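There are 2 protein chains.
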Amino acid sequence: MDIRKYLPILEWLPKYEKTQLKGDLSAGITVGIMLIPQGMAYAMLAGLEPIYGLYAVTIPLILYAIFGTSRQLAVGPVAMVSLLTAAGIGSLHPESTDQYLLYALTLAFLVGLIQFGMGVFKLGFVVNFLSHPVINGFTSAAAIIIGLSQIKHLFRINLPNSEHVQEMLVAIYQNIHETHMLTFAIGVGAILVIKYGKKIHSSLPTPLLAVALGIALVWGFDLSSQGVKIVGDVPSGLPTISFPSFDFGVWSTLIPIALTISLVGFAESFAVAKTIQAKHKNYKLDSNQELIALGIANFGAAFFRGFPVTGGFSRTAVNNQAGAKTTMASVISAVLIVLTLLFFTDLFYNLPSAILAAVVLVAVSGLIDLREPINLWKKDRSDFAMLIVTFLVTLTLGIETGILTGMVLSLGMVIYRASRPHMAQLGRVPGTHVFRNIKRFSNLEEKEEVLMVRIDGPIYFANVKYIKDKMDAWVERKRQKLTTVIINLESVPSVDSTGAHELHEWILSWRALGIDVCITATKGPVRDALNRWNLIECVGADHMFIDDQSALEFLDKKLAKEVQERYAPYATQCD
Amino acid sequence: MDIRKYLPILEWLPKYEKTQLKGDLSAGITVGIMLIPQGMAYAMLAGLEPIYGLYAVTIPLILYAIFGTSRQLAVGPVAMVSLLTAAGIGSLHPESTDQYLLYALTLAFLVGLIQFGMGVFKLGFVVNFLSHPVINGFTSAAAIIIGLSQIKHLFRINLPNSEHVQEMLVAIYQNIHETHMLTFAIGVGAILVIKYGKKIHSSLPTPLLAVALGIALVWGFDLSSQGVKIVGDVPSGLPTISFPSFDFGVWSTLIPIALTISLVGFAESFAVAKTIQAKHKNYKLDSNQELIALGIANFGAAFFRGFPVTGGFSRTAVNNQAGAKTTMASVISAVLIVLTLLFFTDLFYNLPSAILAAVVLVAVSGLIDLREPINLWKKDRSDFAMLIVTFLVTLTLGIETGILTGMVLSLGMVIYRASRPHMAQLGRVPGTHVFRNIKRFSNLEEKEEVLMVRIDGPIYFANVKYIKDKMDAWVERKRQKLTTVIINLESVPSVDSTGAHELHEWILSWRALGIDVCITATKGPVRDALNRWNLIECVGADHMFIDDQSALEFLDKKLAKEVQERYAPYATQCD
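Note that the protein sequences, when read in sequence, are chains A and B.
Once you know that position 391 of the first sequence is 391 in full-length UniProt numbering, the rest is easy, because the numbers rise by one and skip nothing.
Once you know that position 386 of the second sequence is 386 in full-length UniProt numbering, the rest is easy, because the numbers rise by one and skip nothing.
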């Protein structure tokens, strides 16, 4: 056992170089500065006091630095997971902010447990079953829900918590007239600063700039007395130890959302880690170790007053651009947050909530993807349908139902495809020994007495009925003169017991109709299976051919021989 | 619309012939005689008075005769469905026999609703996902559970109702000393008569013979006063109209078992119908119409004091052997039962329950299949594992959990297979243009600079990771001198959007490593997809080849040209 597999930090720390430190320092500070407003904003999105967003990026960041296999991934609160946290806890109707926090810690703990468990049992492959269009539709819908959830801070109006777009839109329509214009102006100003400030200088930390401007404005003009909501007291000092709830009633309510967070969080995190890793290639990603690392980071969140975390898209990109070489950058970010917690929390007293809402809005606006649905509409209608259904279900029936629908759609698609293998009726390209699908090429040579079929996929219980039905239809169409069915198995990788049983039955039932069966181009494992199930004996060893051409030549010879035998008596008479 | 599709009776009734009536009459009487003891026995197995077994074969039989597409299928109570009925109703803890009956009617109604609905929505294909080994393991286990459930009647001992084998065995062990020897002797005698009576004459209705002998013995020697349990009063007359419960509390408890009965019942029925149809071929089976017909038959059971019914294995075989040509045979069986209900019910007063238990035991003993597991152990270990797991789970955790496990296993298998397409690294058969898997053939020609890969399956979201990981491992092994990857797509039937995205990324990442990519032997739909996703442009139209040989020749020429160009300056110098 190689300990470095489980503690990837040992891969790089022993040979850590000064040149690497330069990049890590620059990236660590950049991301740290970014984390201050984002952490607070996402905590607010999750329904918690802003300070918990800062707690959530101390211990978890350091834990990921030790256990994670990506060297640039920036772990912490992200928009989608924070929204899911709020939705999950909301359904438990907590009675106090203490209880709310307890549920948030419990959720982090459960997410940790699930991700750690999935990693240990090597279940990382599960996210493969969230297909690309499903993730895309889900993300766009979630971004819209997140955006709408920030309207109440931006307009300073009362809105109920909901994750159903139709309810939110109605509530916004009913309350929009109560908009607090000063708050709204600050929010819109912040959006402009964050979004277009980059144009002045690309490395300007615009969210922090908006935060600083907001604080200065509120402080300078005493805006809080004019109704602008501010963050208020932010306690100073490091997070103390906390414990999740071990009440199984709470667990059973939180587990569905914990599962959703685990999967969605890991999918987001691993996708960005893969993209960045592809640019470096000096280390390897391990999906199961990633799950373990994220699980441990979430344990850190659970025991140090955080809430569920994962690898974030935008911060990871910034971290990489700013030159991060190893997870030392994350450690430096964490140290920066620790210093903030120790010495600078007082500064945030006058921070307007609308500015944090602006941070969230700008972050999620980039997640709404219009190009991909248009692209899929043009190129792949069934993938487009998956995207749109997931999008609409998420938008109208909620996040959890959305991701579940997406998974069911994806798995349904796998099963649907698996149960309908591609099949082709073959004809010969004139003058060659090449056989092709008669549906895709015209002028192919076909014999009236012979049906040639190629099956493209394994023959097994889930698809035998489909295969038989299709062949039956083809046999029916040529019934008049048909004497032989040639089954080309070149694209069949395996035959299971049900497939073998059925194949046997097909052959017998065709023989009963006076139709002979030849099998061509079997692959090794298929030939083995046919042999095991005595199918070669049933077909007849002389009816098995290396390719379609040999089978046809055999049939021609057989026919010739039959003709010869029929005329043999007359031949002797002539002698 | 062809009305005969929905009323298959119209297919044969208008041209019904005298010769057909002869066969139908013989078969109808034979099955009718068989139905009297079996119906009563299965009613007892379902936890109902024996008379309900006779009710369940009147209207349902006639309804199936009208709507069913099989001409030999004998519908009625069967062992497995009766056992499931008892298990489902038991979990509702009915307080009286009236309530028990109400639940049985409700169950029949729900089964009818589910099967009818599945038929209308053309969901007949769902049973394909119960694989052969899963059905085999499930049936053997259910047969054992059914057999054990009859022990209490055969030994006349008290046993709790249970569907967990371990509990049943413990209870039997604890109570076996209370065996009523006279009852036991009658039961064993009946088993011998039913099982070996056939040896005297193959068309002897041995179950009815056992029933007659039992009645005669009890009546002649007044055995009921000596403790032999008898059936007692059997009310005479036809079943009156009944109504299922429409209490949604009852429905929600019964729905899981109703779903199980619908699927298992249909699977059993359709399997036997298919086997028999294959011997006749003068009509066609339609799985969705079969579901509709069985659904309507169950409605008949629900409204005429029956309980869930389906097409039975043994009775159908007997029906066919006895010469049934159309479902007229079923109508004749039903008429026979009606006559029995009207005139002969008094005869059954003295029938010992142990004889009905013997009827069930002999019927289910044939369902325990030892050959198939042994066969699978030798020929297909993964199918063997599915069989054994389903068998053990059904035996120890109950029928419902068993069938659910079987379905999950089957679907899991579909997904597992779908996510791991077969792949081969290719080499050239020396002296030919034929390329084969280097793992299955030795002495194949391979170039150090070229990796040739064939993917056997669609490229889509569920398997892209597996494909990439496998290719990466192969690339890694040849890394030293590798210049080109040739991907053979001859067995790839389709590429979805995720597959296209990934393929694009792979190509870019290999290029970044200095490895070129060629694609060969694409099928029509795949070429279309590659074109739509601009992948042909990305690979380069001159890097797409009709077959592997052309790709290799292209590479040779390219190499030669590169060499030529490198030496070109010297060449001119020489001139």
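Even glycine gets a Cβ: it sits at the ideal position worked out from N, Cα and C.
This one's a predicted model, so the numbers in the text were calculated from it and none came from an experiment.
Residue-level contact check: A:Lys379 touches chain B, since one or more beta carbons of chain B fall below 8 Å from its beta carbon.
Between A:Glu446 and A:Lys481, the CB-CB gap reaches or exceeds 8 Å. Listed in chain order, the positions of the stretch 106-127 of chain B with a beta carbon within less than 7 Å of a beta carbon of chain A are Phe125. Sequence-distant Cβ neighbours of A:Ala551 in its own chain, meaning closer than 7 Å and more than five residues away, are Ile486, Cys518, Thr520, Phe545.
A:Lys465 reaches chain B at Phe125, Asn128, counting residues in chain order whose Cβ is nearer than 7 Å.
According to the DSSP assignment, A:Gln72 belongs to no beta strand (DSSP E), since it is labelled neither H nor E. At a cut-off of 8 Å between beta carbons, A:Phe461 contacts chain B. Three or more beta-carbon pairs separated by less than 8 Å link the stretch 30-37 of chain B to the stretch 202-216 of chain B, which places the two stretches in contact. Where B:Ala322 is concerned, there is no enclosing alpha helix (DSSP H), because DSSP gives it neither an H nor an E.
Scanning its chain for C-beta atoms nearer than 6 Å, with the 5 sequence neighbours on each side dropped, one finds around B:His153 the residues Ser353, Ala354, Ala357, in chain order. B:Ile3 has a beta carbon lying at 8 Å or more from every beta carbon in chain A. Taking 9 Å as the Cβ-Cβ cut-off, the stretch 401-421 of chain A approaches chain B at Ser410, Leu411, Met413, Val414, Ile415, Arg417, Ala418, Ser419, Pro421, given in chain order. Contact of A:Trp533 with chain B by beta-carbon distance below 8 Å involves Lys379.
The continuous stretches of alpha helix (DSSP H) do not include B:Asp456, which lies in the beta strand (DSSP E) extending over residues 450-456. Here B:Ala293 has Tyr64, Phe67, Gly68 as same chain residues with Cβ atoms under 6 Å from its own Cβ, once five neighbours each way along the sequence are excluded. Collapsing the DSSP output to three states places B:Leu426 in a strand. Annotation: A:Arg511 has no Cβ neighbours in chain B at a cutoff of 7 Å; minimum Cβ distance is about 12 Å. Listed along chain B are Ser131, His132, each with a C-beta nearer than 7 Å to that of A:Thr498. Counted as a single uninterrupted DSSP element, the beta strand (DSSP E) harbouring B:Asp516 occupies residues 516-520. Within the model, the alpha-carbon separation for A:Leu367 versus A:Asn128 is close to 20 Å.
At a cut-off of 4 residues, the continuous stretches assigned as alpha helix (DSSP H) that sit fully inside the stretch 279-329 of chain A are 287-303, 313-321. Around the beta carbon of A:Met407, 16 or more other beta carbons sit within 10 angstroms, so the residue counts as buried. At the C-beta level, A:Thr345 and A:Ser236 come within 8 Å of one another. Inter-residue distance for A:Pro133 and B:Leu503 is about 16 Å (C-alpha atoms, whole angstroms). Of all residues in the stretch 431-459 of chain A, those with a C-beta nearer than 7 Å to a C-beta of chain B are Asn437, Arg440, Asp456, Gly457, Pro458, reading in chain order. When DSSP states are grouped into helix, strand and coil, A:Asn437 belongs to the strand group. Judged by DSSP secondary structure, B:Asn488 falls within the beta strand (DSSP E) whose first and last residues are 484-488.
When rounded, the separation of the alpha-carbon atoms in A:Leu192 and A:Ile51 is 25 Å. Excluding the 5 residues flanking it on each side, A:Asp547 has same chain C-beta neighbours closer than 7 Å at Thr520, Ala521, in chain order. Following the DSSP letters along the chain, one finds B:Thr58 in no alpha helix (DSSP H), marked with neither H nor E.
Shown here, A:Gly76 sits in a strand according to DSSP, grouped into three states. In the displayed model, B:Ile194 falls within a helix according to three-state DSSP. Taking 8 Å as the CB threshold, B:Ala210 stays off the interface with chain A.
When the beta-carbon positions are compared, A:Ala79 and A:Val360 come within less than 8 Å of each other.
Contact of B:Gly524 with chain A by beta-carbon distance below 7 Å involves Asn437, Arg440. Distances from the alpha-carbon of A:Ile255 to those of A:Leu13, A:Ile89, A:Asn320 put A:Ile89 closest.
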